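Let me begin by presenting the structure, written as structure tokens, before commenting on it.
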Amino acid sequence: MVALGLFLVLVLTLVAFGLPVGSSLALLWEGAAGDKFGIARTLVKATPLILTSLAIVVSWRAGMYNIGGEGQFIIGNVCGAAAAKLCWHLPGPLLNLVILLAAIVGGAVYAGIAGLLEVYRGVQCVISTILLNFISVEVLSWAVSGPLRRPGTTMPESTPLPQSAMFLRLDPQSDLHMGVLYALLSALLIYVFLYLTPAGFKLRLVGESASAARANRISSRRVQMSAMLISGGLAGLAGAIQYAGIAGSIGIDTGQNWGFLAIPVALLGGLHPVGVVFSSVYFGALFAGSDNLARFTPSGSMIVYVIQAVAVLAFIGFKTLIDRRKLRPSEVSA
Numbered sequence: 001m002v003a004l005g006l007f008l009v010l011v012l013t014l015v016a017f018g019l020p021v022g023s024s025l026a027l028l029w030e031g032a033a034g035d036k037f038g039i040a041r042t043l044v045k046a047t048p049l050i051l052t053s054l055a056i057v058v059s060w061r062a063g064m065y066n067i068g069g070e071g072q073f074i075i076g077n078v079c080g081a082a083a084a085k086l087c088w089h090l091p092g093p094l095l096n097l098v099i100l101l102a103a104i105v106g107g108a109v110y111a112g113i114a115g116l117l118e119v120y121r122g123v124q125c126v127i128s129t130i131l132l133n134f135i136s137v138e139v140l141s142w143a144v145s146g147p148l149r150r151p152g153t154t155m156p157e158s159t160p161l162p163q164s165a166m167f168l169r170l171d172p173q174s175d176l177h178m179g180v181l182y183a184l185l186s187a188l189l190i191y192v193f194l195y196l197t198p199a200g201f202k203l204r205l206v207g208e209s210a211s212a213a214r215a216n217r218i219s220s221r222r223v224q225m226s227a228m229l230i231s232g233g234l235a236g237l238a239g240a241i242q243y244a245g246i247a248g249s250i251g252i253d254t255g256q257n258w259g260f261l262a263i264p265v266a267l268l269g270g271l272h273p274v275g276v277v278f279s280s281v282y283f284g285a286l287f288a289g290s291d292n293l294a295r296f297t298p299s300g301s302m303i304v305y306v307i308q309a310v311a312v313l314a315f316i317g318f319k320t321l322i323d324r325r326k327l328r329p330s331e332v333s334a
């Protein structure tokens with residue numbers, strides 16, 4: 001049902017842009033899954049979306065509405081690049097591991113700031129994470145223009161990683177790398193954590209009803225702080241995977257809005273790890289396909305953003321309708 005709805009949204013969007021539906025769908029399919037290169041592009045585009053969307057799932061399930069995935073993604077990149085500069089002498093595989101760990105810790109600490117502000121000072125996470133996004137952009141600009149800038153150049157970018165420190169390519173002819181497997185493994189681990197462990201049950205209980213959690217002597221503060229740390233770590237990991245999997249260096253345009261895009265992707269995935277994987281692959285395919293469509297029409301690159309907006313609005317409307325039907329008539333009229 002959801003897949004059919006998303007397909008109809010895609011068709012209606014193409015019609016709204018005045019594009020021929022048949023040929024446009026063919027171009028989208030060719031770019032996203034027409035051959036092994038299209039499939040690789042789709043999976044590579046979906047990888048940061050999976051991780052940043054999982055970050056949204058964990059925090060939102062705990063009642064912490066983290067809107068700062070973009071900032072945590074950026075800080076993950078900065079911390080990964082800083083670790084690479086400090087540990088440049090290490091062998092490639094070990095340097096790669098250090099980058100991943102530094103990015104996870106950086107993202108977790110950055111999200112932890114917002115967590116502390118809410119659970120101990122009452123500052124809403126929505127507000128603090130949005131503001132922290134702006135700070136992260138300034139931190140990135142300072143880092144690539146100063147301590148992390150590549151020696152011998154005035155360009156605001158870091159020194160490219162040695163090839164030995166980049167992720168192993170699963171296909172030498174494409175950009176498909178090991179980070180894709182890390183993202184899928186992360187989704188599996190988050191599913192196990194949320195639905196098969198006592199800690200995950202406590203997290204979901206706190207998000208559903210803080211009063212019920214308190215009645216069961218569960219520390220909401222501790223659970224929510226843990227959720228924010230895990231959430232930030234996932235977003236930071238997404239940054240490291242983009243850094244060590246594709247880019248090889250960081251610059252002013254490192255963010256690319258992956259953290260913001262994760263919000264509608266997570267919502268369409270039902271805030272569930274498995275749903276997030278399918279939703280991310282769908283939008284990864286749209287990104288890969290729209291790149292191909294953009295070669296033939298100037299509006300091709302904008303389609304994915306319109307589809308995201310329409311799909312989320314449709315999802316919210318549908319969910320509201322279902323929720324209202326569950327209420328008694330007297331409650332609806334009230």
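Under my numbering, the letters of the sequence shown match residues 1 to 334, in that order.
Even for Gly, the Cβ is constructed at its ideal location relative to N, Cα and C.
Computed from a prediction, not measured in an experiment: that's the story for all the values here.
> Is the Cβ-Cβ distance between Ile-250 and Val-78 less than 9 Å?
Replying inline: Residue numbering aside, residue 250 sits at position 250 when the sequence shown is read from its first letter. Residue numbering aside, residue 78 sits at position 78 when the sequence shown is read from its first letter. Cβ atoms of Ile-250 and Val-78: closer than 9 Å.
Self-check item: Completely contained alpha helix (DSSP H) runs for the region 33-93, where each covers 4 or more residues
Solution: 36-61 and 69-86
TODO: Measure the Cβ-Cβ separation of Phe-73 and Gly-236 and say whether it is below 9 Å.
DONE: As a first step, residue 73 is located in the sequence shown; it is residue number 73 there, counting from the start. As a first step, residue 236 is located in the sequence shown; it is residue number 236 there, counting from the start. Against a cut-off of 9 Å, the Cβ pair of Gly-236 and Phe-73 comes out as a contact.
* If you draw a straight line from the C-alpha of Val-332 to the C-alpha of Gly-63, how long is it? -> Position 332 of the sequence shown holds residue 332. Position 63 of the sequence shown holds residue 63. Reliability of the predicted coordinates at Val-332 is poor, the pLDDT of 46 falling under 50, and no value is obtained from them.
Measure the Cβ-Cβ separation of Ala-84 and Leu-161 and say whether it is below 9 Å.
-> As a working note, residue 84 is residue 84 in the sequence shown. As a working note, residue 161 is residue 161 in the sequence shown. Result yes, Cβ atoms of Ala-84 and Leu-161 sit closer than 9 Å.
- Spatial neighbours of Ile-67 in its chain, beta-carbon cut-off 6 Å, leaving aside the 5 residues before and after: In the sequence shown, counting from the first residue as 1, residue 67 sits at position 67. Here the set comprises Val-126, Thr-129 and Ile-130.
Checklist entry - Under the three-state reduction of DSSP, which class applies to Gly-251: helix, strand or coil? => result On the sequence shown, position 251 is the one that residue 251 refers to. The answer is strand: DSSP assigns Gly-251 an E or B state.
Look at the alpha carbon of Tyr-243 and the alpha carbon of Arg-325, and state the distance between them as a whole number of angstroms. Counted from its first residue, the sequence shown places residue 243 at position 243. Counted from its first residue, the sequence shown places residue 325 at position 325. Each residue's alpha carbon lies about 46 Å from the other.
#### Entry: Closest residue to Ala-103 among Glu-118, Ala-114, Ala-240 and Asp-175 (Cα-Cα distance)
As a first step, residue 103 is located in the sequence shown; it is residue number 103 there, counting from the start. Ranking Glu-118, Ala-114, Ala-240 and Asp-175 by Cα distance to Ala-103 puts Ala-240 first.
Span of the alpha helix (DSSP H) around Tyr-243 = In the sequence shown, residue 243 corresponds to position 243, counting from 1. Tyr-243 -> no alpha helix (DSSP H), and no H or E assigned at all.
Label Gln-308 either buried or exposed according to how many other C-beta atoms from any shown protein chain fall within 10 Å of its C-beta, with 16 as the threshold for buried.
-> By 1-based counting over the sequence shown, the position of residue 308 is 308. Buried is the call here.
| said: Within the continuous alpha helix (DSSP H) that includes Phe-296, where are the two ends? | reply: Reading the sequence shown from its first residue, position 296 is the one you call residue 296. Per DSSP, Phe-296 belongs to no alpha helix (DSSP H) and is neither H nor E.
Problem set entry | Glu-138, enclosing alpha helix (DSSP H) - first and last residue | The count along the sequence shown starts at 1 and reaches residue 138 at position 138. Run containing Glu-138: 125-145, per the alpha helix (DSSP H) assignment.
(request) Output yes or no for whether 9 Å exceeds the beta carbon distance between Ala-285 and Asp-171. (result) Stepping through the sequence shown from its first residue, residue 285 is reached at position 285. Stepping through the sequence shown from its first residue, residue 171 is reached at position 171. No, they are not a contact pair.
* In its own chain, which residues sit with a C-beta less than 6 Å from the C-beta of Phe-167, not counting the 5 before and 5 after it? -> For the purposes of this step, residue 167 is taken as the residue at position 167 of the sequence shown. Around Phe-167: His-177, Met-178, Gly-179, Ala-244 and Gly-245.
Leaving out the 5 sequence neighbours to the left and right, which residues in its chain are closer than 7 Å to Tyr-282 when beta-carbon positions are compared? If you number the sequence shown from 1, residue 282 lands on position 282. Once the five neighbours on either side are set aside, the close Cβ partners of Tyr-282 are Leu-6.
query: If you drop the 5 nearest sequence neighbours on each side, which residues of the same chain put their C-beta closer than 8 Å to that of Glu-30?
result: Start at 1 with the first residue of the sequence shown, and residue 30 comes out as number 30. Only Gly-38, Gly-289 and Asn-292 meet the Cβ criterion.
- Item | Whole-angstrom distance between Gly-152 and Val-276, CA atom to CA atom | Position 276 of the sequence shown holds residue 276. Position 152 of the sequence shown holds residue 152. Between Val-276 and Gly-152, the C-alpha separation is close to 43 Å.
Exercise for the section: For Glu-157, write down the residues that DSSP places opposite it in a beta bridge. Expected result: For the purposes of this step, residue 157 is identified with residue 157 of the sequence shown, where counting begins at 1. Its beta-bridge partners are Gly-251.
Note to self: Assuming the contact rule is C-beta atoms closer than 8 Å, Ala-210 and Ser-219 should be a hit. Round their C-beta distance to whole Å, please.
What the structure shows: Walking along the sequence shown from the start, residue 210 turns up at place 210. Walking along the sequence shown from the start, residue 219 turns up at place 219. Actually they do not touch by this definition, with Cβ atoms about 11 Å apart.
Between Leu-310 and Val-11, which are expected to be in contact by the criterion C-beta below 8 Å, what is the C-beta distance as a whole number of angstroms?
-> Reading the sequence shown from its first residue, position 310 is the one you call residue 310. Reading the sequence shown from its first residue, position 11 is the one you call residue 11. Contrary to the premise, residue 310 reads as Val rather than Leu in this sequence. Actually they do not touch by this definition, with Cβ atoms about 11 Å apart.
Who are the near neighbours of Thr-320 in its chain, counting only those whose CB is closer than 8 Å to its CB and skipping five residues on each side? Counting from one through the sequence shown, the residue named residue 320 turns up at place 320. The answer is none, since no qualifying residue turns up.
Exercise. In terms of residues, what are the limits of the alpha helix (DSSP H) holding Ser-186?
Worked result: As a first step, residue 186 is located in the sequence shown; it is residue number 186 there, counting from the start. Run containing Ser-186: 179-196, per the alpha helix (DSSP H) assignment.
- Query: Can you pull the DSSP bridge partners for Arg-149?
  - Reply: Your numbering for residue 149 matches position 149 in the sequence shown. According to DSSP, Arg-149 bridges with Ser-158.
Practice prompt. Leaving out five residues on either side along the sequence, give the residues of the same chain with a beta carbon under 7 Å from the beta carbon of Val-312.
Written response: Within the sequence shown, numbered from 1, the residue matching residue 312 stands at position 312. Same-chain partners within the cutoff: Pro-264, Leu-267 and Leu-268.
From what residue to what residue does the alpha helix (DSSP H) around Ile-218 run? The count along the sequence shown starts at 1 and reaches residue 218 at position 218. First-last for Ile-218: undefined, no H or E at that position.
Which residue marks the beginning of the alpha helix (DSSP H) containing Gly-259, and which one marks its end?
For the purposes of this step, residue 259 is identified with residue 259 of the sequence shown, where counting begins at 1. It spans 258-268 - the alpha helix (DSSP H) in which Gly-259 sits, taken as one unbroken run.
query = How should Ala-32 be labelled, buried or exposed, when 16 other C-beta atoms within 10 angstroms of its C-beta is the threshold for buried?
reply = Within the sequence shown, the letter at position 32 stands for residue 32. It counts as buried.
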